[in-house]
Structure formats: structure tokens, C-alpha cells
């Protein structure tokens, strides 16, 4: 049972409804395609910036290498930092970081154990 | 004291006798439906955070409301009819609701004013990582394609005799986004809020059952086996700028989306900017939980028997399922086209994740991909279309609101 005020609602013909549906779908596509273009634009800008920064860093590294070769010094390399309570680093063989993180999460989920109680030594992609 | 008279008064005042007069049996049916929904939420874990609240709201309203004049009712649909009737003295009067309403009427003000759905969107924004979408903006095409069900269900609803406003509210079920469905329905067809909210949340919970058969039907084994390359890493600055760009761009395009998109992107900015961790944490947890409590129980309150039990409800349930199915199909078709155009680099299964339902739809893509190829990890790739679907359904809602408001 619908309340009284619904007499105010707009009746549409099937033709009008079809037109509105097609137009609405087109508007959604239009909006998201425009947004996609904006994201590609900003992505390209930031990628360009990152590449420039990476090139500068590479150049600086090469210059440092040259200086070290010219004037050898004893350099102590600190071990990579780990999070408090971490069991250390996992060795990855042909596995990207994100996939490794996902595999570890899936293993923890299947074993019903918290991730911080598991110690992964290495993850390797086995090719068939 | 006349004991007999007192007993008679107690009986006539009780809810029990109301079941036997003036269609009170309908309330019994609704109480049964509420128990089924509670079972689905608690035992089957179908969207329990909202479904349990909605089901209990349904139970409460049908225990206390037996048609107009129910003095002790928690929710009074006739007060809201007056609120929406331009010819009535209480038109748009929240004061009248506060003065004469029950507890659920007062909680429902947050739904009617569009406050709860927008706050839920703020929490969703704070919980969502848009990185997969930023790194692969093509995902937006899949998010757009998966709105097909919205417009097909809208068309179907008009064919079945619903008005434009009602059809728009029914169609948005296909966006697979509960808060958006509630937001649009309270503005265009509040009389249908109960069935639409229940259909939307039930189907969202049923995504792992609705989508896989369609995914297998529309893709080949070879397509499902496709492993996708890892996308680029997104910088922190990009993640901070993204919500500002999306909010500005989408709101300028469709101002009616401002409450939803604005809140979604504000929540995301709090998450990503790195200087508002306290706010991000509150929005993701405390605020989200509080709003979920109010939203669930007040939406459930709109299921008073004399409004809910009608042929319209059955039509809405059927149209909602159609909307979900066609949204999945729309995403899969464009996924297949992108697969062909990219020379087989895109797995079309990620297209079905374009229906929002974050992250359930992306998980379904991951599971189906892994069934075909156990070394396939589609989750991150499917998250792109998944979050694009949230923006897409907000734009679809904004369009329908702009047309019918």
C-alpha cells in the first residue's frame, strides 16, 4: 500500500525510460572516461618526476662510486632495518613484493595463526 | 478495582490481540521474515553488521506498530507520510517528528536527512586504498560498465509500472552499494526504502553465489587463466592528490553527488595525508560502527507490515536480482573487450568486480581466477574496478537524482 503523496511521482513512458537509461549509462561512462584521462595525466606527470629523481639519484651514485674508486675508503654498510619484533627478511625468488605479502597473508589465514607468529624464510615461484 | 475490566484493558492494550484484528496477521508474517533475516545474518554471516540491525528493527516495528493510531509504536510511517506531503501542515517538519515520533522515528531522521549514508561513505573512504585504481586508471572503464544493471533495472521497473522516481531507486540496487541505494531512495522514493535496502544488502551478501556462474558462462577457461602483470607503485603524493582531484572533478560534473563523493574522498584524504591518523582511525572504526547501528535499526523500522507486504516488494526483489546480474555481465563484457584489445594481458574476470560491493566482488574475481590457475593472484587487479565501481555507482545515483529530484 503506497502513501497518498505518491500521486506526485512522475510517470514515464517506456520510450522516455529507455532514453533516460541509455543517456544515464552514457553519462556514467563519460564521467569516468574523463576521470581516467585526468588520472593518466597526473600519473604521467608523477612518473616523469619519479624518473627524473631516479636519474638524478643514479647520477649521484655513479659520481660517488667514481670518488670511492679514486680514493678508496673503508665503508661499513649497516644491515637493513627491520620492524620491531620482526623475524628478519624473506628471500624472494621471482616473486614481487605484493604477491609475497598476499601469499603470507593466505598462509596465515589457512593456518589460522597470526602473521607475526609465522617465520617465512623464502618464497620462490615454481615454473611448470 | 474491577479485575475483569483490568484484564480486558490489558488484553486490548496488548500487542497480542492486535495480531487478530485489522490485518494484524501481516505483522506475524513480518516477524517471521525478521527471524529469517536474523538467521541469515547470524548463522550464514550475510552482511551481519547491517543485516542483524535491519532484521531487529523489522522485528521491533512489527511488534509495536499495528497501523495508524498505534500509540506506543517505535516508528510511525504516517508521520513520515505527512512529512513528505506538501499539502499537510507537517510538511518537512522535523519538529513534528520529534514531538510525536517514537525512538525509531527519531533515529530515522539521520536516514531521511542523508546523514548516515554519507558518514558510512566517509568510513568506506578511510578504509579504501585507491592505489590499484590510480596505478591502472583503465579500471574506471570496468567500474562504468558494471553500472549497466542500474539502468536496465530502471527500465524494467518502469515497464512494470513503477514511477520514474521509484524505478531510479530500484535500479540503483544494481550499483551493489548499500549506502548509495539508501541515499537515493530516501530522496526519491522513501516509501520503498525497506524492500530496497533489504534487497540491496541481501544481494550484496549473495555476491559469491550470484557472480561465479555468470563469470564462468561468459569467459573461457583460457581467459580465466590469464596472469596479469604487476602494476606500477603509486607514490604517496599521488594518493594524497587523488581524493582532491576526484572530489573536485565529480562534484563539478554532477553536484548532486556531493554528499556521497565528498564524504568518500574526505575519508580517503584523512587516510592518505599522514597527518590525521586519529581522525582516520575514528572514522574507520568508532564512527562507522555507531552509524551502522543507527542505520541498520532505522532502515529495518521501515518494514512495517502494511507497507512491506505487497506485490511491489516482490517486483523489487526480482528487479534487484536482475540489476545485480546485469551489472556483473556489463563488467565482464567490457573486461572481455579489454582482454582482446590488450592482446590477452587483462583477465576479464576483474570486470565483474566493477560492481562496487568492496571488497567482496574483488575476492570473487580472485577466487575464480585461482580456480582456473592456482598461481593466479587477481585480487589487487580486481580492487581497481572494485573501487571504480564505488565512484561509478555514486555518479549513476547523482545522475538519477539530478533527473528526478
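Protein chains in written order, with the working numbering: chain R, 916 to 1043; chain U, 6 to 410.
Here a beta-carbon is modelled for each residue, glycine too, at the ideal position from N, C-alpha and C.
Do you know offhand how far residue 948/R's Cα is from residue 151/U's?
Between residue 948/R and residue 151/U, the C-alpha separation is close to 14 Å.
List the residues of chain R whose Cβ lies closer than 7 Å to the Cβ of residue 258/U, in chain order.
Here the neighbours are 946.
Is any beta-carbon of chain R found at less than 8 Å from that of residue 143/U?
Taking Cβ atoms only, chain R reaches closer than 8 Å to residue 143/U, which makes this a yes.
Bridge-paired residues (DSSP) for residue 1037/R:
Residue pairing for residue 1037/R: DSSP places it in a beta bridge opposite 1006/R.
Separation of residue 67/U from residue 14/U, as counted between CA atoms:
Taking the straight line from one Cα to the other gives about 21 Å.
By the DSSP assignment, the alpha helix (DSSP H) with residue 386/U in it spans what residues?
Per DSSP, residue 386/U belongs to the alpha helix (DSSP H) from 384-409.
Ignoring anything shorter than 4 residues, give me the alpha helix (DSSP H) runs that lie fully in the stretch 55-98 of chain U, in order along the chain.
Within the stretch 55-98 of chain U, the alpha helix (DSSP H) runs of at least 4 residues that lie entirely inside it are, in chain order, 82-89.
I want to know whether the stretch 378-394 of chain U touches the stretch 353-363 of chain U - three or more CB-CB distances under 8 Å.
The answer is yes - the stretch 353-363 of chain U touches the stretch 378-394 of chain U, with three or more Cβ pairs under 8 Å.
Taking 8 Å as the CB-CB limit, is residue 242/U close to chain R?
True, the Cβ-Cβ gap to chain R drops below 8 Å.
Alpha carbon to alpha carbon, what distance is there between residue 402/U and residue 55/U?
Approximately 21 Å between the Cα atoms of the pair.
Residue 178/U touches chain R at which residues, Cβ-Cβ below 9 Å?
Near residue 178/U there are no residues of chain R at all, since even the closest Cβ is about 15 Å away, more than 9 Å.
Buried/exposed call for residue 344/U, threshold 16 Cβ in 10 Å:
That one is buried.
Which one of 253/U, 88/U, 173/U, 143/U has the shortest CA to CA distance from residue 153/U?
Nearest C-alpha to residue 153/U: 173/U.
Would you please verify whether the beta carbon of residue 1003/R is less than 8 Å from any beta carbon of chain U?
Not closer than 8 Å to any Cβ of chain U, the Cβ of residue 1003/R fails to qualify, so no.
Run the CB neighbour count on residue 386/U, radius 10 Å, all protein chains shown included, and call it buried at 16 or more, exposed below.
So residue 386/U counts as buried.
Starting from the Cα of residue 272/U, find the closest Cα among 260/U, 261/U, 248/U, 253/U and give me that residue.
The option with the nearest alpha carbon to residue 272/U is 248/U.
Quick one: list the residues of chain R neighbouring residue 159/U, beta-carbon separation under 8 Å, in chain order.
Ordered by position in chain R, the residues that pass the 8 Å Cβ test against residue 159/U are 932, 935, 936, 939.
So, for residue 119/U: in the same chain, excluding its five sequence neighbours on each side, which residues have a beta-carbon less than 8 Å away from its beta-carbon?
Here the set comprises 188, 191, 192, 264.
8 Å Cβ cutoff met for residue 327/U and residue 158/U
For residue 327/U and residue 158/U, yes; Cβs fall inside 8 Å.
Does residue 1024/R get closer than 8 Å to chain U when you measure Cβ to Cβ?
Chain U, which has no Cβ nearer than 8 Å to the Cβ of residue 1024/R, makes this no.
In chain order, which beta strand (DSSP E) runs of at least 3 residues are fully inside the stretch 89-172 of chain U?
Entirely contained in the stretch 89-172 of chain U, not one beta strand (DSSP E) run reaches 3 residues.
Could you tell me which of 397/U, 98/U, 266/U, 233/U sits nearest to residue 348/U, measuring between CA atoms?
Closest by C-alpha distance to residue 348/U, out of 397/U, 98/U, 266/U, 233/U, is 233/U.
What are the residues in the stretch 62-80 of chain U lying within 9 Å of chain R by C-beta distance?
Listed in sequence order: no entries.
Check the Cβ-Cβ distances between residue 954/R and every residue of chain U, and say whether any is below 8 Å.
Contact of residue 954/R with chain U is assigned, a C-beta pair being separated by under 8 Å.
Please go through the same chain and pick out, in chain order, the residues whose beta-carbon is closer than 8 Å to the beta-carbon of residue 139/U, but skip the five residues on each side of it.
Exclusion of the five residues before and after residue 139/U leaves 239, 243, 244, 247 as the residues of its chain whose Cβ lies within less than 8 Å of its Cβ.
Residue 286/U: which of 354/U, 383/U, 130/U sits nearest, CA to CA?
Measuring from the Cα of residue 286/U, the nearest candidate turns out to be 130/U.
Give me the chain U residues within the contact set of residue 951/R, using Cβ-Cβ distance strictly less than 8 Å, ordered along the chain.
Residues of chain U passing the Cβ test: 142, 143, 145, 146.
Could you confirm whether any beta carbon from chain R is found closer than 8 Å to the beta carbon of residue 370/U?
For residue 370/U, the answer is no, since every Cβ of chain R falls outside 8 Å of its Cβ.
Would a C-beta distance cut-off of 8 Å place residue 169/U and residue 205/U closer than the cut-off?
Inclusion of residue 169/U and residue 205/U in the CB contact set at 8 Å is not warranted, their separation being larger than that value.
Is residue 363/U helix, strand or coil when you go by DSSP?
Correct three-state label for residue 363/U: coil.
Excluding five sequence neighbours on each side, which residues of the same chain lie with their C-beta closer than 7 Å to the C-beta of residue 72/U?
Excluding five sequence positions before and after residue 72/U, the CB atoms of its chain that fall closer than 7 Å to its own CB belong to 27, 311, given in chain order.
Return the CA-CA distance between residue 49/U and residue 395/U, expressed in angstroms with no decimal places.
In a straight line, the C-alpha of residue 49/U is about 25 Å away from that of residue 395/U.
If residue 269/U sits next to residue 946/R, beta carbons under 8 Å apart, how far is it from one beta carbon to the other, in whole angstroms?
Wrong, their Cβ atoms sit about 15 Å apart, outside the cutoff.
Taking 8 Å as the threshold (beta carbon to beta carbon), is residue 278/U in contact with chain R?
So no, residue 278/U is outside the interface.
Between the C-alpha atoms of residue 164/U and residue 216/U, what's the straight-line distance to the nearest angstrom?
Going from the Cα of residue 164/U to the Cα of residue 216/U covers about 25 Å.
Assuming the contact rule is C-beta atoms closer than 8 Å, residue 333/U and residue 370/U should be a hit. Round their C-beta distance to whole Å, please.
Between residue 333/U and residue 370/U the beta-carbon gap is near 10 Å, outside 8 Å, which marks them as no contact.
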